[in-house]
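Here's the structure we're looking at; comments come further down.
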Amino acid sequence: MKENDLPQTKLSRGKIVAAGLLSGLVAALLLTLCLLLLRNLFGVPTPSELVGDRLAPLLPVDTFIKLLVQFGGYNHLKQIGFGSVVAGQLVVGALGGLLYALISTRERPRQAARPLPFGTNRRGLVFIIIFVGGLWLASLLLLWPVLGTSYSGRPPGPATASTIIALLFTYAVFGLALVVCYGLLTNHAPEQAAAAPIGRRAVLASGVGVVLAVAAGALMRRLYGLATFSYDGTQYKGADVQYVTPADKFYVVTKNVIDPQAERDNWRLEIAGMVDRPRSYTFAELAALPAVTQETTLMCISNEVGGGLMSNAVWKGVALRGLLEAAGPQSGVKEILLHGVDNYTDTFALEKALDPTTLVVYEMNGAPLAQRHGYPVRVIVPGLFGEKNVKWITRIELVAEDAQGFYERQGWGPNFVIPTHARIDAPDFGKPVAIGAGIALKGVAFAGSRGVSKVEVSLDDGKTWQAAQINTPGTKLTWALWHYDWRPDKPGEYKLVVRATDGDGAPQPAEERGTVPQGSTGYHKVTARVMA
13 MKENDLPQTK LSRGKIVAAG LLSGLVAALL LTLCLLLLRN LFGVPTPSEL
63 VGDRLAPLLP VDTFIKLLVQ FGGYNHLKQI GFGSVVAGQL VVGALGGLLY
113 ALISTRERPR QAARPLPFGT NRRGLVFIII FVGGLWLASL LLLWPVLGTS
163 YSGRPPGPAT ASTIIALLFT YAVFGLALVV CYGLLTNHAP EQAAAAPIGR
213 RAVLASGVGV VLAVAAGALM RRLYGLATFS YDGTQYKGAD VQYVTPADKF
263 YVVTKNVIDP QAERDNWRLE IAGMVDRPRS YTFAELAALP AVTQETTLMC
313 ISNEVGGGLM SNAVWKGVAL RGLLEAAGPQ SGVKEILLHG VDNYTDTFAL
363 EKALDPTTLV VYEMNGAPLA QRHGYPVRVI VPGLFGEKNV KWITRIELVA
413 EDAQGFYERQ GWGPNFVIPT HARIDAPDFG KPVAIGAGIA LKGVAFAGSR
463 GVSKVEVSLD DGKTWQAAQI NTPGTKLTWA LWHYDWRPDK PGEYKLVVRA
513 TDGDGAPQPA EERGTVPQGS TGYHKVTARV MA
């Protein structure tokens with residue numbers, strides 16, 4: 013008799029489908045719980061985070077901006093992306109359970125008479141191995157460029173290894189849970205699946221699923237409390253702007269759903285690539301090097317004219333030049349490629365890296381860096397937009413090619429030099445002002461690493477200009493604070509405008525340009541209403 017002619021076990025298709033889907037869903041919930049536990053306890057990235065980091069740089073910048081607008085900002089987009097991958101895990105898990113049920117219950121009777129543990133059989137076991145192994149290999153192929161992520165601060169090599177092992181472990185847990193749950197639902201024997209009273213077992217399995225869902229939900233709520241949603245996009249502007257921005261008010265832009273909680277003991281800084289003497293520094297070794305303290309203002313490339321994605325701080329660290337010279341750059345190096353522990357990357361020219369003002373810092377305003385600002389170590393690159401000032405830096409690689417970083421691959425740039433900006437911070441002209449009232453206009457001006465030499469104010473929409481007083485000039489690397497005393501003598505609507513001149517004598521660009529792809533330009537304008 014041929015194998016195909018052997019009698020097949022008669023099964024209830026409805027029970028098979030129900031048991032398979034339920035088993036797959038329960039196993040997927042356990043998988044999700046394990047992933048969240050590893051993320052919470054050891055900083056191992058979840059697929060939800062890795063998929064976002066893998067796909068985001070591949071989106072053209074115009075598409076990226078359209079998505080931000082469509083979904084109401086970066087935070088909402090990150091939430092939707094994270095949730096979509098979690099939902100996808102549950103759907104794939106349920107479908108895997110269904111396939112396992114259909115395949116394992118078609119075993120030949122003679123084979124089914126000698127079932128393996130928990131009622132599976134060779135056909136079912138082969139499917140589980142192929143399914144779990146296929147998911148694992150597919151994950152590695154898709155996510156390979158971002159597997160070096162470690163939210164606890166491990167160097168890229170060990171981080172990649174731990175992520176690979178964690179994915180294999182959690183997928184194996186899924187496979188085992190699927191087999192066990194389906195076996196319990198069907199009374200441990202495929203040939204008995206049709207007659208097994210699965211109703212009570214289904215209720216029990218559903219209860220287990222609910223418990224797992226509640227546990228996973230509790231972990232997700234805890235992680236949500238650590239998420240960047242409460243501070244991503246923080247701006248610093250208004251009447252109370254200080255020359256040195258307090259760390260808790262310093263502007264923040266981050267790609268992460270949850271920023272790294274890097275641990276000093278895990279963290280290392282590698283100097284690698286085209287160097288004669290590759291180096292690796294612990295935090296203690298880095299902090300023992302001769303230190304530099306420097307005031308530097310940072311500004312995000314997505315800061316609009318008049319926006320508050322700009323802040324100033326006092327940074328302490330070591331000159332990047334010294335680290336590179338100790339490693340011995342080889343001939344032909346063109347750029348340095350920086351890697352954060354969150355797998356963020358960016359680049360700038362070797363000449364900029366050798367500038368003595370380019371720093372690797374570990375203190376901000378006299379205190380260790382806050383987690384959201386790059387603890388334990390970040391890079392400060394005066395004159396270039398904030399995306400070049402990589403946080404949670406863990407590897408500095410010298411390369412010969414024109415490499416591209418996380419956002420460069422979207423199409424930002426190619427020029428990342430900060431143009432001159434000036435803005436009016438106060439007062440708030442939401443209400444009319446009275447004729448003859450003394451009004452103190454004030455704000456900030458910033459010109460990257462060129463300093464600010466002059467600030468001017470226009471009270472007639474740019475037709476005429478008056479010099480403002482720079483009361484806090486700062487340095488070439490910082491913003492300047494200015495004010496102008498105005499006493500309107502006529503009622504009406506006034507168009508107030510401000511502009512600055514940099515330290516090299518170049519005027520602020522008047523051309524109005526959006527933030528994409530090289531940063532905004534133009535004059536900041538406000539309207540004041542004067543009443544008799």
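Start counting at 1 in the sequence shown, then tack on 12, and there's your number in our numbering.
Yeah, the Cβ is synthetic: ideal placement off N, Cα and C, and Gly gets one too.
Keep in mind the model is a prediction, meaning the values are calculated, not measured.
(request) For G463, I'd like the list of residues in its chain whose CB is within less than 6 Å of its CB, leaving aside the five on either flank, ordered along the chain. (result) Locating residue 463 in the sequence shown gives position 451, where the first residue counts as 1. If we look at G463 and ignore the five residues flanking it on each side, its Cβ neighbours are K488 and G515.
(request) Please confirm if the segment 408 to 425 is in contact with the segment 295 to 304, defined as three or more CB-CB distances below 8 Å between the two stretches. (result) no
(request) Measure the alpha-carbon distance for A208 versus C193 and round it to whole angstroms. (result) Counted from its first residue, the sequence shown places residue 208 at position 196. Counted from its first residue, the sequence shown places residue 193 at position 181. Per-residue confidence for A208 stands at a pLDDT of 45, beneath the threshold of 50, marking its modelled position as unreliable; no derived number is given.
(request) Check whether the Cβ atoms of K261 and Y248 sit closer than 9 Å, and answer yes or no. (result) By 1-based counting over the sequence shown, the position of residue 261 is 249. By 1-based counting over the sequence shown, the position of residue 248 is 236. Yes, Cβ-Cβ distance for K261 and Y248 is below 9 Å.
(request) Spatial neighbours of V98 within its chain, please: CB distance less than 7 Å, with the 5 preceding and 5 following residues excluded, ordered by chain position. (result) Within the sequence shown, numbered from 1, the residue matching residue 98 stands at position 86. Contacts found: T44 and S60.
(request) Work out the CA separation of R280 and V287 for me, nearest whole Å. (result) For the purposes of this step, residue 287 is taken as the residue at position 275 of the sequence shown. For the purposes of this step, residue 280 is taken as the residue at position 268 of the sequence shown. Cα-Cα distance, rounded: 17 Å.
(message) Let's see if you can read the secondary structure: which residues bound the alpha helix (DSSP H) around W148?
(response) One-based indexing of the sequence shown puts residue 148 at position 136. Counting along the chain, the alpha helix (DSSP H) containing W148 begins and ends at R134 to L155.
(message) Please give the ranges of any beta strand (DSSP E) in the segment 394 to 427, keeping only runs that are unbroken, at least 3 residues long and fully inside the region.
(response) 405 to 411
(request) Jot down the residue ranges of each uninterrupted alpha helix (DSSP H) in the segment 62 to 102, minimum 4 residues, whole runs only, in chain order. (result) 73 to 82
(request) With distances taken Cα to Cα, identify the nearest neighbour of Y387 among A365, K328, S343 and L41. (result) Here residue 387 refers to the residue found at position 375 when the sequence shown is read from its first residue. Residue K328 is the option with its Cα nearest to Y387.
(message) For a test of the three-state rule: what should DSSP assign to E15, helix, strand or coil?
(response) For the purposes of this step, residue 15 is taken as the residue at position 3 of the sequence shown. Because E15 sits at a pLDDT of 39, beneath the cut-off of 50, its placement in the model cannot be relied upon, and the point is left open.
(message) Taking the alpha carbon of L396 as the reference point, which residue from N377, A365 and R289 has its own alpha carbon closest?
(response) On the sequence shown, position 384 is the one that residue 396 refers to. It is A365 whose Cα lies nearest to the Cα of L396.
(message) Quick check on the burial criterion: 16 or more other C-beta atoms within 10 angstroms. Buried or exposed for M543?
(response) Here the question's residue 543 lines up with position 531 in the sequence shown. That one is exposed.
(message) Tell me the rounded alpha-carbon separation between S175 and V389.
(response) Looking up residue 175 in the sequence shown gives position 163. Looking up residue 389 in the sequence shown gives position 377. Checking the sequence shown, residue 175 turns out to be Thr, not Ser. Approximately 23 Å between the Cα atoms of the pair.
(request) Return yes when the Cβ of R384 is within less than 9 Å of the Cβ of Y243, no when it is not. (result) Translated into positions along the sequence shown, residue 243 becomes position 231. Translated into positions along the sequence shown, residue 384 becomes position 372. Yes, the Cβ-Cβ distance between Y243 and R384 is below 9 Å.
(message) Looking at E297: is its Cβ nearer than 9 Å to the Cβ of A325?
(response) Counting from one through the sequence shown, the residue named residue 297 turns up at place 285. Counting from one through the sequence shown, the residue named residue 325 turns up at place 313. No; because the gap between Cβ atoms is not below 9 Å, this pair is not in contact.
(request) Rounded to whole angstroms, what's the CA-CA distance from V467 to W494? Just pull it up for me. (result) Position 455 of the sequence shown, counting from 1, holds the residue named residue 467. Position 482 of the sequence shown, counting from 1, holds the residue named residue 494. Using only the alpha carbons, I get a separation of about 7 Å.
(message) I'd like to know whether the C-beta atoms of G250 and D497 end up nearer to each other than 9 Å.
(response) In the sequence shown, counting from the first residue as 1, residue 250 sits at position 238. In the sequence shown, counting from the first residue as 1, residue 497 sits at position 485. Not in contact: G250 and D497 (Cβ atoms no closer than 9 Å).
(message) Could you give the first and the last residue of the continuous alpha helix (DSSP H) run that contains I28?
(response) Reading the sequence shown from its first residue, position 16 is the one you call residue 28. I28 -> alpha helix (DSSP H) spans R25 to F54.
(message) Tell me the DSSP secondary structure of K537 in three-state form.
(response) Within the sequence shown, the letter at position 525 stands for residue 537. Strand, per DSSP.
(request) Could you tell me whether the Cβ atoms of L102 and L89 are closer together than 9 Å? (result) Counting from one through the sequence shown, the residue named residue 102 turns up at place 90. Counting from one through the sequence shown, the residue named residue 89 turns up at place 77. Not a contact, by the Cβ cut-off of 9 Å.
(request) Would you mind sorting Q520 into buried or exposed? The rule is 16 or more other CB atoms within 10 Å of its CB. (result) On the sequence shown, residue 520 is found 508 positions in, with the first residue counted as 1. Q520 is buried by the Cβ-count criterion.
(request) Specify, as a first and last residue, the run of the beta strand (DSSP E) that E275 falls within. (result) Residue numbering aside, residue 275 sits at position 263 when the sequence shown is read from its first letter. Note, E275: premise wrong, no beta strand (DSSP E); not H, not E.
(request) Report yes if the C-beta distance between R511 and W477 is below 9 Å; otherwise report no. (result) Stepping through the sequence shown from its first residue, residue 511 is reached at position 499. Stepping through the sequence shown from its first residue, residue 477 is reached at position 465. Yes, the pair counts as a contact, with Cβ atoms nearer than the cut-off.
(request) Output the distance between the C-alpha atoms of F458 and M311, rounded to the nearest integer angstrom. (result) Here residue 458 is taken as the residue at index 446 of the sequence shown, counted from 1. Here residue 311 is taken as the residue at index 299 of the sequence shown, counted from 1. So the alpha carbons of these two residues sit roughly 9 Å apart.
(request) State buried or exposed for D501, treating a residue as buried only when at least 16 other CB atoms are found within 10 Å of its CB. (result) As a working note, residue 501 is residue 489 in the sequence shown. D501 comes out exposed.
(request) Check each candidate in T161, A339 and T305 and name the one with the smallest Cα separation from G552. (result) Because the chain here runs from 13 to 544, residue 552 falls outside it and cannot be looked at.
(request) Following the continuous alpha helix (DSSP H) through I177, name the residue where it begins and the one where it ends. (result) Residue 177 sits at position 165 when you count from the first residue of the sequence shown. Residues P168 to L197.
(message) Tell me which residues share the same chain as G517 and place their Cβ nearer than 6 Å to its Cβ, disregarding the 5 neighbours each side in the sequence.
(response) By 1-based counting over the sequence shown, the position of residue 517 is 505. Nothing listed; no residue qualifies.
(message) Can you tell me where the alpha helix (DSSP H) holding F295 begins and where it ends?
(response) As a first step, residue 295 is located in the sequence shown; it is residue number 283 there, counting from the start. Note, F295: alpha helix (DSSP H), F295 to A299.
(request) Just grab the DSSP bridge partners of H495 for me. (result) Counting from one through the sequence shown, the residue named residue 495 turns up at place 483. K454 and Q481.
(message) At the level of alpha carbons, what is the spacing between Q204 and G105?
(response) For the purposes of this step, residue 204 is taken as the residue at position 192 of the sequence shown. For the purposes of this step, residue 105 is taken as the residue at position 93 of the sequence shown. Confidence at Q204 is low in this model, with a pLDDT of 45, below 50, so its placement is unreliable and the value that follows should be read with caution. Approximately 24 Å, taken between the alpha carbons.
(request) Please confirm whether Y535 and V317 have their CB atoms less than 9 Å apart. (result) One-based indexing of the sequence shown puts residue 535 at position 523. One-based indexing of the sequence shown puts residue 317 at position 305. A contact, by the Cβ cut-off of 9 Å.
(request) Name the residue from P439, I270, V265 and A522 whose alpha carbon lies nearest to the alpha carbon of Y163. (result) The sequence position of residue 163 within the sequence shown is 151, counting from 1. For Y163, the nearest C-alpha among the options comes from I270.
(message) Measuring alpha carbon to alpha carbon, tell me which residue in A30, P57 and R291 is nearest W156.
(response) Stepping through the sequence shown from its first residue, residue 156 is reached at position 144. Here the closest residue by C-alpha is P57.
(request) Could you check if I142 is buried or exposed, using at least 16 other CB atoms within 10 Å of its CB as the buried criterion? (result) Here residue 142 refers to the residue found at position 130 of the sequence shown. Exposed is the call here.
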